[in-house]
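Asker: These protein sequence lines are chains A and B, in that order.
The opening residue of the first sequence carries number 44 in this note's numbering; numbering runs sequentially from there.
The opening residue of the second sequence carries number 1124 in this note's numbering; numbering runs sequentially from there.
The structure under discussion is supplied below as structure tokens; questions concerning it will follow.
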Amino acid sequence: MSSNREPMLDLYIFETTQQIEKLEQTVLDSEQATDMQVSINEIFRIMHTIKGNSAMMLFNNISELAHSMEDLFDHLRETKCWMHQGFDYIKISDLVLEGIDFIKGELDKINNNQSADGDAASLIGRIRKLLEENKSDNPSSEQQKEEKKRKKPKYYISSQKGVLEDSETTYDALVFFEEGCEMEDIRAFTLVHSVKEIASEVKYHPEDILENSESKEYIIKNGFKLTITSSQSIEEVRELFNRTPFLRSFDIEKAGMKKKEQRRIILDDNELEDKAPEQADEYIKQSSDAKSNEGFEVKEDVSKIEAVKTAEAEVNVSRSAPSVGQAVSSAMISVNVSKLDQLLDLVGELVISEAMVTRNPDLAGLQLDSFYKSARQLRKITNELQDIAMSIRMVSLAPTFSKMNRLVRDMSKKIGKQVNLELVGQDTEVDKNIIENIGDPLMHLIRNAIDHGIETMEERLQAGKSPTGSITLEARNSGGDVWIEVKDDGRGLSREKIYNKAFEHGLTAKRLEELSDREIFSFIFLPGFSTKEKVTEFSGRGVGMDVVQKNIEKVRGTIQVESTLGKGTTIAIKIPLTLSIIDGMTIKVGESRYTIPITSIKESLRISNEQVVKDLSGNEMIILRGESLPIIRLHKLYSVNTLIEDLQEGIIIVVESENKTVCLFVDELIGEQQVVVKTLPNYVKNVRGVAGCTILGDGGISLILNIQGLMNTQSA
Amino acid sequence: MKKVLIVDDAAFMRGSLKMILQSNGFEVIGEAENGLEAIKKYKELQPDLVTMDITMPEMDGIEAVKAIKQFDDKAKIVMISAMGQENKVKDAVIAGAKSFIVKPFKQEFVIETLSKI
């Protein structure tokens, strides 16, 4: 088995991670639900699966932890004690969530090829203790259970024909099961069940294999005795035993006597004493002497057995509750993410190659009608391929969003604020890379919202708001972007506070009145900025917002803050849907080329020198339709040598980002084309205003400009 | 080669069993992740053997055994059970399961059980 394990590890980690995530959601849902039975069943089932899987992989700590929770939830669903008044479910869900965190931690270790050596003993202890407490709190239900057990229908295994045929023989058999095969009592029962098929009568000892848990030990130690009456030959009976799994050894021999006329239908333990054949008597005495007050040996009609079966069936039907959010996905396959990355890279290369071929300088000036016709076809297919390759990578935001439920629950409990989280549009799909980069920032934002944004209950009541704060996490598509908003109805941002703080830190030299709301709010994204005096466990260390911004910028996203004092704050993140291929306008400055994302270009124009004005510090601006827009000379910004320094000779490109507009001065436009964004190598990281680079059709390199970044260089 | 249908809601368990069976001369002709699917696949594939998990969503293993037995009296079904599920195993046996394997299972036990029944 050990050689088989390694390939299974990935599947184990994958599935267990999924289960754990589902579990977490179910636990959180169950806290809200009025009818918890469905959730409890689901939690029980997931724990059961994790227990089994982990035991197979020999992760015993996980398996035992899952086992303890399985027991706990088994108790809950059987006794339905959660229905009682004053039942403290939070205590249980807290423990389960702790268990989830433990398993998550262990999975991380396993994933990183470390040994899963976490010690769950104390947690298991607490879960067991809680289970005990629950049991003693509900003695009545336990009693019921006991009674139910006692009343359980007995299983009668016996003859179809009451009359023993002449040809029938009685055999004695003594059976030992293989060591470690587990559930020896049930194995014995299974054996009896299969022997029944060839026998007219089967008696066995110990008789109470199903009712008495001690019978298991007895069978292991002393073996399991059967007395079989059958028309089959001894060889045939042997054959049946031979085909039974897990028999270490068995002896079968003919019993001394043949019997006739044994029609007995015995319904009652008492009657049994008188009427059972001598042999059975002996067994019964043994058993009743030994332990059993419930020992029985009864023969019944097959019809009775059927009745028992039907009764059992009904019980089972009622027990199998509908599962929560079950996803059947037979038409799905799971693919390694690195393969998807590769695919996208290759498609990227294909897009570049296509440009290299169709825009090859050798073709310039040639009359190539049929070539261009084929080239168009190639481009069309390349585009489709690109669309598909990207759509494969699209993943729903739902799991990322749902994680926030847990965060809100834990935090609001800890800091004593009531917060309600609403998720909107969590089915929106984004590139897998975005998902990976957005989790942490969102968590930061929500933490901030709860910690700084939402007021305490008293404050809220004083302000005439509902005592429960509300946070909305919303995602939506718009054009080629996805917007993710974190909205709270808390105290809002204070212009003055932020300005004062920024001024103290020397982050701005301007006066408060000169700054727009947006400019002031953008200070909170600067490193080391925090107006919160008190540092809590969750936020307020002043690391956070700048990290948030960095993470978002990694996926070429931008952040906007809107806030009304006393009403709340909205933080909106805009991220392009796909990361790697953009439509760009390639421009030229000197010998260098740059690409500007088409989405940020408003217009491009030639200007005359009369339109240019200079402010006191010599910054150039142009007046365009009554608006004065600052000019950024790219050749100056990046120190590129160019012959075109006169604004009249070059081209002005008006670009816009987050409602701010600036003009870029460049030498000339080269043309619009799709480009594949490549990240800059590490040694040139953090060039101001550059988002990445790309390879052009002629094999040259173009830097992709990040307009937002450019504006920041301007305003700083 | 005996044809086996594996029924388990955990992909990991299906994978583990499949690996054991395939390296020991069994042919895994199908997998199902709940009882309903198991019944459908049984009728469709007519396997020689079925390994059946007990706790599954939609329809549990015991119900599935009953349904399969009703469809094919000769069906050979082995339950895959966990410790502590004695009662369920018993129900499954009454419903017609031939034997059972207890998780976490050893390769030898799986092979022995499936070879014998």
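Don't be surprised by glycine CBs; every beta carbon is placed ideally from N, CA and C.
For the ligand ADP, is there any heavy atom lying closer than 6 Å to the beta carbon of residue 153/A?
Answerer: Absence of the ligand ADP is noted for the structure shown, with no ligands found whatsoever.
Asker: Counting pairs of Cβ atoms below 8 Å between the segment 490-502 of chain A and the segment 439-446 of chain A, do you hit three or more?
Answerer: Touching, no.
Asker: Can you give the Cα-Cα distance for residue 639/A and residue 399/A, rounded to whole angstroms?
Answerer: Straight-line Cα distance between these residues: approximately 19 Å.
Asker: Could one say the Cβ of residue 1236/B lies closer than 7 Å to chain A's Cβ atoms, at least one of them?
Answerer: Output row for residue 1236/B: interface = yes.
Asker: Tell me the rounded alpha-carbon separation between residue 441/A and residue 417/A.
Answerer: Rounded to whole angstroms, residue 441/A to residue 417/A spans 42 Å at the Cα level.
Asker: Please confirm whether residue 1239/B has its beta-carbon closer than 7 Å to some beta-carbon of chain A.
Answerer: At least one chain A Cβ lies under 7 Å of residue 1239/B.
Asker: For the segment 55-83 of chain A, which residues have a beta carbon sitting closer than 7 Å to at least one beta carbon of chain B?
Answerer: Going along the segment 55-83 of chain A in chain order, one finds 55, 58 with a Cβ nearer than 7 Å to chain B.
Asker: How many Å lie between residue 755/A and residue 402/A at the Cα?
Answerer: Rounded to whole angstroms, residue 755/A to residue 402/A spans 35 Å at the Cα level.
Asker: Measure the C-alpha to C-alpha separation of residue 588/A and residue 567/A and round it to an integer number of angstroms.
Answerer: Each residue's Cα considered, the two are about 7 Å apart.
Asker: The alpha helix (DSSP H) spanning residue 117/A covers which residue range?
Answerer: Here the alpha helix (DSSP H) through residue 117/A covers 103-122.
Asker: Count the CB pairs spanning the segment 674-687 of chain A and the segment 698-713 of chain A that are closer than 8 Å, and state whether there are at least three.
Answerer: Yes, they touch.
Asker: What distance in whole Å lies between the Cβ atoms of residue 1171/B and residue 1239/B, which are believed to be in contact at a cut-off of 8 Å?
Answerer: With 8 Å as the limit, residue 1239/B and residue 1171/B do not qualify as a contact, their Cβ atoms being about 13 Å apart.
Asker: Grouping DSSP H, G and I as helix and E and B as strand, with all else coil, what is residue 598/A?
Answerer: If DSSP states are grouped into helix, strand and coil, residue 598/A belongs with coil.
Asker: In this structure, what does DSSP give as the bridge partners for residue 1202/B?
Answerer: Partner(s): 1175/B, 1223/B.
Asker: Confirm, please, whether the CB-CB distance from residue 295/A to residue 280/A is below 7 Å.
Answerer: Cβ atoms of residue 280/A and residue 295/A: closer than 7 Å.
Asker: If you run the structure through DSSP and keep just helix, strand and coil, what is residue 267/A?
Answerer: Reduced to three states, the DSSP call for residue 267/A is strand.
Asker: May I ask which residues mark the beginning and end of the beta strand (DSSP E) holding residue 676/A?
Answerer: That run of the beta strand (DSSP E) goes 670-676.
Asker: Grab the span of the beta strand (DSSP E) containing residue 518/A for me, first residue to last.
Answerer: Per DSSP, residue 518/A belongs to the beta strand (DSSP E) from 512-521.
Asker: State the DSSP-derived secondary structure class of residue 473/A, mapped to helix, strand or coil.
Answerer: Of the three classes helix, strand and coil, the one that applies to residue 473/A here is strand, per DSSP.
Asker: Would residue 535/A and residue 609/A qualify as a contact pair, given that the criterion is a beta-carbon distance under 7 Å?
Answerer: Cβ atoms of residue 535/A and residue 609/A: closer than 7 Å.
Asker: Just reading off the beta strand (DSSP E) that residue 688/A is part of, what are its end residues?
Answerer: From DSSP, residue 688/A is part of no beta strand (DSSP E); its letter is neither H nor E.
Asker: Taking only runs of the alpha helix (DSSP H) that begin and end inside the segment 1128-1165 of chain B, which ones reach a length of at least 4 residues, in chain order?
Answerer: The qualifying runs are 1134-1145.
Asker: So is residue 375/A in contact with chain B if we call contact Cβ pairs under 7 Å?
Answerer: No, because no Cβ of chain B sits closer than 7 Å to the Cβ of residue 375/A.
Asker: If you scan the segment 625-673 of chain A from start to end, which runs of the beta strand (DSSP E) of 3 or more residues do you find wholly inside it?
Answerer: Complete beta strand (DSSP E) runs here, min 3: 635-640, 644-648, 655-657, 663-667.
Asker: To which residues does DSSP link residue 745/A through a beta bridge?
Answerer: 636/A, 737/A, per the DSSP bridge assignment.
Asker: Could you give the distance in angstroms between the alpha-carbon of residue 543/A and the alpha-carbon of residue 565/A?
Answerer: In a straight line, the C-alpha of residue 543/A is about 14 Å away from that of residue 565/A.
Asker: Identify each residue in the segment 1130-1156 of chain B for which the Cβ-Cβ distance to at least one residue of chain A is less than 8 Å, and report them in chain order.
Answerer: Flagged, chain order: 1132, 1133, 1134, 1135, 1136, 1138, 1139, 1142, 1143, 1146, 1156.
Asker: Note down the Cα distance separating residue 1174/B from residue 485/A, rounded to an integer number of angstroms.
Answerer: One C-alpha to the other measures close to 44 Å.
Asker: Give a yes or no on whether the C-beta atoms belonging to residue 473/A and residue 529/A are separated by under 7 Å.
Answerer: Result no, Cβ atoms of residue 473/A and residue 529/A do not sit closer than 7 Å.
Asker: Of all the CB atoms in chain B, is at least one closer than 7 Å to the CB of residue 624/A?
Answerer: Residue 624/A does not count as touching chain B.
Asker: Count Cβ pairs between the segment 1141-1154 of chain B and the segment 746-755 of chain A that sit closer than 8 Å; are there 3 or more?
Answerer: Contact between the segment 1141-1154 of chain B and the segment 746-755 of chain A is absent, because fewer than three Cβ pairs lie under 8 Å.
Asker: According to DSSP, which residues form a beta bridge with residue 437/A?
Answerer: DSSP output for residue 437/A lists 474/A as bridge partner(s).
Asker: Taking Cβ positions only, does residue 1231/B come closer than 7 Å to chain A?
Answerer: False, the Cβ-Cβ gap to chain A never drops below 7 Å.
Asker: Can you list, in chain order, the residues of its chain with a C-beta nearer than 6 Å to that of residue 269/A? Leave out the 5 residues immediately preceding and following it.
Answerer: These residues qualify, in order along the chain: 216, 247.
Asker: Tell me, which residues are paired with residue 414/A by DSSP?
Answerer: According to DSSP, residue 414/A bridges with nothing at all.
Asker: Is the beta carbon of residue 720/A sitting closer than 7 Å to the one on residue 740/A?
Answerer: Taking 7 Å as the Cβ cut-off, residue 720/A and residue 740/A do not qualify as a contacting pair.
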